[in-house]
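Number of protein chains: 2
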Amino acid sequence: MVIIAKVRVSREEWSSRFSEWYRRMLMEAGIMDYRYPVKGCGVWLPYGFKLRKLILDIMRGLLDSTGHQEVLFPTLIPEDMLAKEAEHIRGFEEECFWVTHGGLKPLGTKLALRPTSETAFGPMFKLWIHSHADLPMKLYQVVNMFRYETKATRPLIRMREVLTFKEAHTCHATPEEAERNIREAIGIYKRFFDALGVPYLISRRPEWDKFAGAVYTIAFDTIMPDGRAMQIGTVHNLGQNFSRAFEITYERPDGTHEFVWQTCYGISGRVVAAVMAIHGDDHGLVLPPRVAPIQVVVVPIPFKGAEEAVYQASREVAERLREAGLRTYLDERADVTPGEKFYYWERKGVPVRVEIGPRDVERQQATLVRRDTLDRSEVPIAKVAEAVKALLKHLTEALRERAWSWMKERVKPAVGVEEAREFLEARGGVVELPWCGDDECGQRLEEEVDARVLGTPEDVEAKPLGPCPICGREAKTVLRMARTY
Amino acid sequence: MVIIAKVRVSREEWSSRFSEWYRRMLMEAGIMDYRYPVKGCGVWLPYGFKLRKLILDIMRGLLDSTGHQEVLFPTLIPEDMLAKEAEHIRGFEEECFWVTHGGLKPLGTKLALRPTSETAFGPMFKLWIHSHADLPMKLYQVVNMFRYETKATRPLIRMREVLTFKEAHTCHATPEEAERNIREAIGIYKRFFDALGVPYLISRRPEWDKFAGAVYTIAFDTIMPDGRAMQIGTVHNLGQNFSRAFEITYERPDGTHEFVWQTCYGISGRVVAAVMAIHGDDHGLVLPPRVAPIQVVVVPIPFKGAEEAVYQASREVAERLREAGLRTYLDERADVTPGEKFYYWERKGVPVRVEIGPRDVERQQATLVRRDTLDRSEVPIAKVAEAVKALLKHLTEALRERAWSWMKERVKPAVGVEEAREFLEARGGVVELPWCGDDECGQRLEEEVDARVLGTPEDVEAKPLGPCPICGREAKTVLRMARTY
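These protein sequence lines are chains B and U, in that order. The numbering used here numbers the first residue of the first sequence as 705 and each following residue consecutively. The numbering used here numbers the first residue of the second sequence as 705 and each following residue consecutively.
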């Protein structure tokens, strides 16, 4: 087995140009075209759409197997419905797009384009839920979602029309059941991001940054190559805030009535941004095999006199790979050189390339190149399918391990403001500062560190290294802080 | 094999109450809840969503295998973009929902919620297409779509937010290629409706009723149980109307530039309405096996003393059916009687029911009941899977044949206005009247017959029975006319 490593640019160097790389790759790898003539709106391209679908398939599988049912709600939410929960409307009224006219006439009631759907589900839950036997009710939908963002927009990360939004909405008979569902949802998201090799921190958002209308919010954040943290999933315990506003009650076995307890949880197209960013490198995307639209590309390298033999062997190899259930593409384009094909498929992140040249034909072998390391190896054609499968498995593990260890190096327990600031400035990432638990101290920390509070750890035990750096009192926990998207 | 037919109400009697049945079944079978608090908007329920998905899977399979690629565009279309093609905007401006505010501030440019996406694809095609090598470009998307309908809305049939809209948009190098694509699209839609057993007439819409901006429109119509015709699919040849408006050009091999020729074609949630209406009966839905979310339901009929044996045999049967790849549901609910279960699953249109009672256990057999005829038959448990598969195949054919022969009886060639009118009043359906080809005569016919022109036949040769009933000149073709949705 001959191994040649070919990474041209160090990961650090690449990370420093991340923002430009990201915009370029969206287009060059065929994920999203962001030139659509409405600010903050982009078009999912065919290859990106397939990637999106494979990622959503994992999520649907996880939700379906845990008793969630898929539904589809309208986009339009009347103003008075959106306003029923007081905190909620305060949080969203400045972020909504409003439909005010039907044809040339003004509408009687303004309609919001959903910024999220708690208030759309509300009146329907009220109609659907009567007795304890109707609970739990666990629904989800995959839809578009709208936010009139005033901050700088960025493809997939901060858009005005989010074309990929999975939101789940559940109702429960008791607060304990709702709490158990929150844990289940966290478990689902962990399995989801694990399947994608995307590392995460799980934090309880501080009071001043929870979802508008929630009792509390648990968030998944990852660290992007430029060192900034990005929220990639949220799980909210809504308590009875919305059920009271929408009068969603159920009858207990003893005949009394009670408001339901609700939860909701969502992920968006940011997941795709995370997959691109976290596994990508200087050559382009590196897609985890499970969601790669093309898992293996076969590239014939014909030389004069051996053309037919090379094409024939390539077709045989492609056929073997397809029969083994691998998403395979045989690149027989005549007007493109093998080198251009390598470059093209590397950018698109195809996990394994199989090259077939005259020497390979002679020896009845194929040359495999794995996308993450660009290592090469040779296998007999008879064993090509199992070799590629093994390679895809290794690559999956390698991506996950590299991503996790990269992130862990960027999570830093710190004692004080100075240390935290310096770490964030030098490396980015996340700092964990001791915290007394007082909201005022937390908000002062945001100012002094010049970073945003992600919250307190939900995934590991908090180990404060000293007292609260603001008030000097004993720290009850730590606050995770980062510069964020 | 014992056969007991059990249809309680004749098809004619049932048809006369169609409208009420349809609304009731949407809710009772769990397809759509139309009580959402915005007029013309409804919620796809879990069972309906699965049906919708299985139907869309057929469409996606047909499009993917003919070189179409799936994409996803934003919903928002700026006013100036929508207005670029003059005919188009005239056709749609009174039907658009308009977004005028972001947060509390008015937007600089009004944004339409897409009523259809020719004008959203326009500027992107301009960016994507450069040379003849980029053509043909065949894209599609499955999205929601908005029409500010002023006519009476009706679930799935005429909605303000259409949650299920498949639209394809293509660009071609020559008018001949575009024309071939029109024929391919018609072929795709034929195979699609054939897979669903939904009969159709294919007509070229008259000039005065073609798609706004099209050169011509070919439409698929079916006849609903109440005798009214319903448009279920359209295919449009756009010529160069939109490519001129959006400056979508390509470079020919000789270096000259030319505007592309375009086509587009769409289907909507009406397909689901057609499937429900055309195959349904007095008991509820009858779903074609290919799209039935549950293809076979196993209902244990436990009797005192034989409970365990019945449940065990039922589980074994369900397992055999699942292993054979059938979408199977074992209804073990303890608090519901077998009779209630029959009623419940009949309403939902499950194509085959398997009953297991003590006598069945004794004889090692299962009783099969097919949903369309309610005929019963008995098969050895060892052969239950192949028997159900055979039954599903028969049922598929029977549904298709019954639907086609029902429709054909309602398509009536007529000589004159009186005869046409009488037929439509007595039976509904479609009349074919001789037509000279003059638009004025066509529009006069609409008034005199008090029906709408569907157009001229594209599926069969027109055989006018006499001269044009309006002007008396020789008829060149026939005009299909119907009362429509």
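Beta carbons: idealized from backbone N, C-alpha and C, even for Gly.
- In this structure, B:Phe722 and B:Ala1118 do not form a Cβ contact; the two beta carbons are roughly 24 Å apart against a cut-off of 8 Å.
- Classified as exposed, U:Arg1131 has fewer than 16 neighbouring CB atoms from the shown chains inside 10 Å of its CB.
- Separation of the CB atoms of B:Glu791 and B:Gly917 is rounded to 5 Å, and the pair is thereby assigned contact status at 8 Å.
- Classified as buried, U:Gly988 has 16 or more neighbouring CB atoms from the shown chains inside 10 Å of its CB.
- Chain-ordered listing is empty here: chain B has no CB closer than 9 Å to the CB of U:Leu758, the nearest sitting near 13 Å.
- The contact set of B:Gln773 on chain U, defined by CB atoms closer than 7 Å, consists of Pro750 in chain order.
- Taking 7 Å as the upper bound on Cβ-Cβ separation, chain B lies near residues Pro778, Thr779, Leu780, Pro782 and Met785 of the region 778-796 of chain U.
- Unbroken alpha helix (DSSP H) runs of no fewer than 4 residues, entirely contained in the region 729-764 of chain B, are not found.
- Contacts between B:Phe753 and chain U, judged by CB atoms closer than 7 Å, involve Glu774, Val775 and Leu776 in chain order.
- Within the same chain, Lys743, Gly744, Met863 and Arg864 come within 7 Å of U:Thr857 by CB-CB distance, once the 5 residues on both sides are set aside.
- For B:Ala1070, DSSP records a beta bridge to B:Val1083.
- Going by C-alpha positions, B:Val1058 is about 14 Å away from B:Tyr1048.
- Using a Cβ-Cβ cut-off of 7 Å, B:Leu900 does not count as an interface residue toward chain U, since no Cβ of chain U sits closer than that to its own.
- Within its own chain, the residues whose Cβ lies closer than 6 Å to the Cβ of B:Met1111, once the five positions on either side in sequence are excluded, are Pro903 and Ile927, listed in chain order.
- Check the Cα spacing between B:Phe869 and each of B:Leu1095, B:Trp1139, B:Pro1168 and B:Val975: the tightest is with B:Val975.
- Annotation for U:Gly771: Lys842 place their beta carbon closer than 6 Å to its own, counting only its chain and skipping 5 residues before and after.
- For U:Ala882, the three-state secondary structure derived from DSSP is helix.
- For secondary structure counted as the beta strand (DSSP E) over 3 or more consecutive residues, the region 853-880 of chain B holds these complete runs in sequence order: 865-876.
- Note on geometry: alpha-carbon atoms of U:Lys1045 and U:Val1000 lie some 13 Å from one another.
- U:Thr938 sits buried, since 16 or more C-beta atoms from the chains shown fall within 10 Å of its C-beta.
- Within the same chain, and ignoring the five residues on either side of U:Tyr1189 in sequence, the residues whose Cβ sits closer than 8 Å to its Cβ are Arg858, Ile861, Arg862, Met928, Arg932, Ala933, Met934 and Gln935.
- Per DSSP, reduced to three states, the secondary structure at U:Asp1143 is helical.
- Around the CB of B:Pro957, fewer than 16 other CB atoms lie within 10 Å, so the residue is classed as exposed.
- In the three-state reduction of the DSSP assignment, U:Ala1017 falls in the helix class, which pools H, G and I.
- Contact between U:Ala733 and U:Glu783 is ruled out by a C-beta separation of about 41 Å, above the 8 Å threshold.
- B:Phe801 sits in a strand when the DSSP states are folded into three classes.
- A distance below 6 Å between beta-carbons, with the five flanking residues on each side excluded, links U:Val1121 to the following residues of its chain, in chain order: Glu1152, Val1153 and Pro1173.
- Here U:Thr921 is bridged, per DSSP, to U:His940.
- In this structure, B:Ile762 sits away from B:Ala882, with a CB-CB distance that is not shorter than 7 Å.
- In this model, U:Asp925 and U:Gly970 are separated by some 13 Å (Cα to Cα).
- Distance from the CA of U:Ala1179 to the CA of U:Val1164, rounded to the nearest whole angstrom, comes to 16 Å.
- In its chain, beyond the 5 residues on either side, Phe825, Leu843 and Cys968 have a beta carbon closer than 6 Å to the beta carbon of B:His873.
- A residue is called buried when at least 16 other Cβ atoms come within 10 angstroms of its Cβ; B:Lys754 meets this threshold and is buried.
- Counting the other CB atoms within 10 Å of its CB gives B:Lys1052 a total of 16 or more, which places it among the buried residues.
- Listed in chain order, the non-local C-beta contacts of B:Arg1148 below 6 Å within the same chain comprise Ile1174, local neighbours out to five positions each way being set aside.
- When DSSP reads this structure, B:Arg908 sits in a beta bridge with B:Ile922 and B:Thr1160.
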